[in-house]
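Residue numbers (the numbering used here), protein chains in the order written: chain A, 2 to 507; chain B, 2 to 507.
Beta carbons: idealized from backbone N, C-alpha and C, even for Gly.
Only a predicted model underlies this, so the values are computations on that prediction, with no experimental measurement involved.
First up is the structure itself, then whatever we jot down about it.
Protein chains: 2
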Amino acid sequence: MHTNYTLGGILTGVLLGIYSWLSPGIDYNVTYHPKATAQLRADSRPNIVLIVADDHGREAVGCYGNTAIRTPHIDQLAADGIRFSNAFCTTASCSPSRSVLLTGLHNHTNGMYGLEHQVHHFNSFDTVRSLPVLLEQAGYRTARIGKFHVAPERTYHFQQVLKGGGTNDPASIGRSPVEMARYCYDFLKEKSDQRSDARPFFLYFASDDPHRSNTVGSDGKPIFDGSKPNVFGNRPGGYPQVGDHFYQPREVKVPTYLPDTKACRAELAQYYESVSRIDQGVGRLVDYLKEAGQYDNTLIIYLSDNGAPFPGSKTTLYEPGMRLPFIVKLPKSHKKGFVQDALISWVDVTPTLLDFAGVTNVAKQGRSFKNIIEQENVTGWDEVYASHSLHEITMYYPMRVLRERQYKLIYNVAHALPFPMALDLYNSFTWQDILRTKQNVYGKRSANAFLNRPKFELYDLQADPDEVKNLAANPKYTATLKRMQEKLKRFQQQTRDPWVSKWEFE
Amino acid sequence: MHTNYTLGGILTGVLLGIYSWLSPGIDYNVTYHPKATAQLRADSRPNIVLIVADDHGREAVGCYGNTAIRTPHIDQLAADGIRFSNAFCTTASCSPSRSVLLTGLHNHTNGMYGLEHQVHHFNSFDTVRSLPVLLEQAGYRTARIGKFHVAPERTYHFQQVLKGGGTNDPASIGRSPVEMARYCYDFLKEKSDQRSDARPFFLYFASDDPHRSNTVGSDGKPIFDGSKPNVFGNRPGGYPQVGDHFYQPREVKVPTYLPDTKACRAELAQYYESVSRIDQGVGRLVDYLKEAGQYDNTLIIYLSDNGAPFPGSKTTLYEPGMRLPFIVKLPKSHKKGFVQDALISWVDVTPTLLDFAGVTNVAKQGRSFKNIIEQENVTGWDEVYASHSLHEITMYYPMRVLRERQYKLIYNVAHALPFPMALDLYNSFTWQDILRTKQNVYGKRSANAFLNRPKFELYDLQADPDEVKNLAANPKYTATLKRMQEKLKRFQQQTRDPWVSKWEFE
């Protein structure tokens, strides 16, 4: 019933539209005409499953080179598909990053300048047309499960909200991705509804793992205890159907941006356990897709909203914060296990998924990489831009970034302020230990340098992958600095960034 | 039909509720029971007209001592009622200030941290219960005309939106308060509807005057021309039924916070003209109230959202930004022309108006001053708090203020940043002239000191009304500083201010 799209060339349609196949095969380019006469036919467009982990850093994935952590199911997805080695979020904060993922617009354009929940209260413009809404209009069945964290609901509307918590409560199902997968089963295998017996689906699967646990007091406010390791949602007795993966502090790999301390190792061990839980959720979801006979016709993406929840990664636009796992399992891979080194960012995800769904007439800031996924030595994919403005409402720290293959420019708009620490990171055992022991070394940086930043940071990533030797004031790099500043400013102008005014006013 | 409430002692009710008169006379204290059995009776509660001018500084009102400006109708309102000499907004920015006025909650509590329009996109929490909504529930007819600038609509819902623009377009009716008054006429004289023939009304009347004109280009973006005086909505030929009040630059009174320059005088002359226009709107509105037989049963308030649209006032919490005109015309005054020196702020307005409407069971952060309006030498009204966080989305500059009779403490949370200038103020002829002529004097301050501020500013307002001698570092004032810091912090804790964390973290 599900025609594999690589067979191509078959004129198909759905109740809500007709699809014109401009070219057959893997390289098809479908233009969707939503107002065309409805026809009821089998729909060969792929299902889409977008898996979004919460704070899963690239350094904590087996297939990205970590030999200590056990992520066999994510690794298998990469073995079945394509692993991107240069994939980036554009803002290392939960709600803003998800807003970019789901709109194809930088968050400074879609209005989600910071976190959505509680007092932070950011939300996107009503006029924004998001991925689930566009896919629904294109005839897809849409559902989400787990963490949402974007608003308003009407802008990010999914037809179904599957049972499963989106909170950071350890008891929440968002901490139990295997259960989450189970709650998706009916949706995955649903073969008919009132309108079509073959409509493809879009499932947005977003775990709370491996985010830090936020314990909440009776007043509803989070309780932070920096005197011991966070448990990252781990709990005694574990979660239903989740196999235990415990890690010893001595066996974790401490990435270069973190301090190799007992405190940090203890937290990394807990973090790994949480990562292994989302990994098992991925495995179960794949099992169910296979059981439902949908695996071969489903595009699966695994990514994270931002880097690991440690100072030095999440909320920063240093490499650990923005360079992330990104794995694409195509409906039919020609190059299983291929590593794609094109530079892509989360602003490209919506255009790409819309492209797979045959929707190409929607203006977005990113661009579809569908046609280059399995290409080697691609050209024209050599830079990404990033834009972060706030995390919590009190954490104003706009950064604008141009990241090329060799050089990276960070423009710290509010550089006069100390870098604001998210409450959960400030109160982490890892950071509090640094404060307690009065160390001024944090990873490869001084803690001082981490907190007090210059207006411009320019790094040669090839010579200095840890981004600690700022070349912005080095006369040898004046031309590079100027060239990248001009590009960055142009990017801000073109994407209607409100903060572009700061080039003139501050 | 309209029982004057000073006659008191008559048990009355409305269709939606019954009112229990706890004590008769001027000091009545009405508890409203919305779920009580409906009864159709004449309602003796006063009508309420809340007039909100846009950027009308206290120094540009006749009855506040300006002998050059002509504001006879506002002055007459003060002569018929009470003029407050110590009334303050809590945040000198349009949307946030209006959100405080209409909720009785500080904007850091109601969620409106900055401007509502365009990219700034701030809005209050859905859970907030605003004045118009509560008055509607209490049986009032509610309508608004002119500038709105708060969101979401459902939180700030009025039953009727009367014809009249809320934009800064010079062609807009928001610039023509006399016309605005005309469009209110039917609402004012409406004596019956389906539910009651005697329901009181709440009219929210908000002009665009005397805001600066924002000329908008074909791309929808404002055009600022700092090479000549802004026209503040004035236009050749004037507005319908508005008498001309032109002013010469030589005759304006330059307040001490502004530079006595040609540029500034030229802008003040235009500003005065705009003020005289809203004044005529007030006059016309009063005429219509009288014509409709409602004047004697209507509580009228005249105030401004924040100070004058010049650097040094609006967007700052210096006195010119926050100490504002506030005139109350009671339904029946016992002391016409009384000057009340109690310190009140905009957070008190909603509790007071609800009190007049007999609604006393709603938790608000401000408190009703209804019972002390005509009292001399009141006690317990000797301090106000102010809280400003952002104006435009790019203008992060949280300030928290405790303003007592003698001392004033300003806590500049992001003091490391240069003070951010609103685009219209930065591009004003007055400011651009300062830049062009490279003056470092601006009013009583240096331009430099205006832009770069210390963490704490402590002023003795009696010795130093211009707030230029910062006592925060003066050992003689250590105890005062500490006392006020403690109070300010407690205020932040009690009002659930997200920025209270900065006492610890920055």
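Residues of chain A with a CB under 7 Å from the CB of Pro-499(B): which are they? Val-120, Ile-394 and Thr-395
For Ser-305(A), does the three-state DSSP call read helix, strand or coil? strand
Name the residues in the segment 397-418 of chain A whose C-beta lies less than 7 Å from a C-beta of chain C; which are they? Chain labels in this structure do not include chain C; the protein chains are A and B.
Residues near Asn-169(B) by beta carbon distance below 7 Å, same chain, minus five either side: Caution applies to Asn-169(B), whose pLDDT of 47 falls short of 50 and renders its modelled position unreliable; the value that the coordinates give is listed next. Closer than 7 Å at Cβ, skipping near neighbours: Asp-209, His-212, Ser-214 and Asn-215.
Which residue or residues does DSSP assign as beta-bridge partners of Thr-143(B)? Phe-203(B)
If you measure from the beta carbon of Gly-227(B) to each beta carbon in chain A, is any gap under 7 Å? no
Quick check on Gly-112(B) - is its C-beta less than 7 Å from some C-beta in chain A? yes
So, using beta-carbon positions, are Leu-163(A) and Ile-146(A) closer together than 7 Å? yes
Would you say Asp-56(A) and Pro-310(A) are within 7 Å of each other, going by their C-beta atoms? yes
Are the beta-carbon atoms of Ala-464(A) and Met-323(A) separated by less than 7 Å? no
Assign Tyr-272(B) to one of three DSSP states: helix, strand, or coil. helix
Distance CB(Gly-66(B))-CB(Asp-76(B)) smaller than 7 Å: no
Under 7 Å, do Leu-459(A) and Leu-482(A) count as touching if we go by C-beta distance? yes
In the DSSP assignment, the alpha helix (DSSP H) including Tyr-184(A) goes from what residue to what residue? 178-190
Beta strand (DSSP E) runs contained entirely in the segment 429-471 of chain B, provided each spans 3 or more residues: 457-461
Reducing DSSP to helix, strand and coil, say where Phe-506(B) ends up. helix
Quick one: what's got a C-beta closer than 6 Å to Lys-254(B)'s C-beta in the same chain, skipping five residues either side? Asn-67 and Ala-69
Under 7 Å between C-beta atoms of Ala-267(A) and Pro-230(A): yes
For Asp-288(A) and Lys-337(A), what's the separation of their Cα atoms in angstroms? 18 Å
Are the Cβ atoms of Met-400(B) and Leu-318(B) separated by less than 7 Å? yes
Out of Ser-177(A), Tyr-296(A) and Phe-203(A), which one is the CA nearest neighbour of Asp-245(A)? Ser-177(A)
Is the beta carbon of Asp-280(A) closer than 7 Å to that of Thr-72(A)? yes
Between the segment 331-345 of chain A and the segment 108-120 of chain A, can you find at least three pairs of beta-carbon atoms closer than 8 Å? no
What's the gap between the Cα of Ala-480(A) and the Cα of Asn-471(A)? 15 Å
Leu-103(A) versus Leu-355(A): straight-line alpha-carbon distance, rounded: 11 Å
Per DSSP, Met-400(B) forms a beta bridge with which residues? His-389(B) and Asn-413(B)
Simplified DSSP state of Glu-100(B), which is helix, strand or coil: Per the sequence shown, the amino acid found at residue 100(B) is Ser instead of Glu. In the structure shown, Ser-100(B) sits in a helix (DSSP, three-state: H, G or I).
Once the 5 residues before and after Met-485(A) are set aside, which same chain residues still bring their CB inside 8 Å of it? Leu-403, Glu-405, Tyr-408, Leu-410 and Leu-459
Count the other CB atoms, across all protein chains shown, that sit within 10 Å of the CB of Asn-475(B); report buried if there are 16 or more and exposed otherwise. exposed
Classification of Phe-123(B) by the beta-carbon crowding that lies within 10 angstroms, buried from 16 upward: buried
Rounded C-alpha distance that separates Ile-83(B) from Arg-446(B): 33 Å
Whose C-alpha, out of Pro-97(A), Phe-85(A), Glu-60(A) and Arg-200(A), is nearest the C-alpha of His-392(A)? Pro-97(A)
Taking all protein chains shown into account, do 16 or more other C-beta atoms lie within 10 angstroms of the C-beta of Glu-60(A), making it buried, or fewer, making it exposed? buried
Could you give the first and the last residue of the continuous beta strand (DSSP E) run that contains Asn-48(A)? 48-54
Decide if Gln-271(B) is buried, meaning its Cβ has at least 16 other Cβ atoms within 10 Å, or exposed. buried
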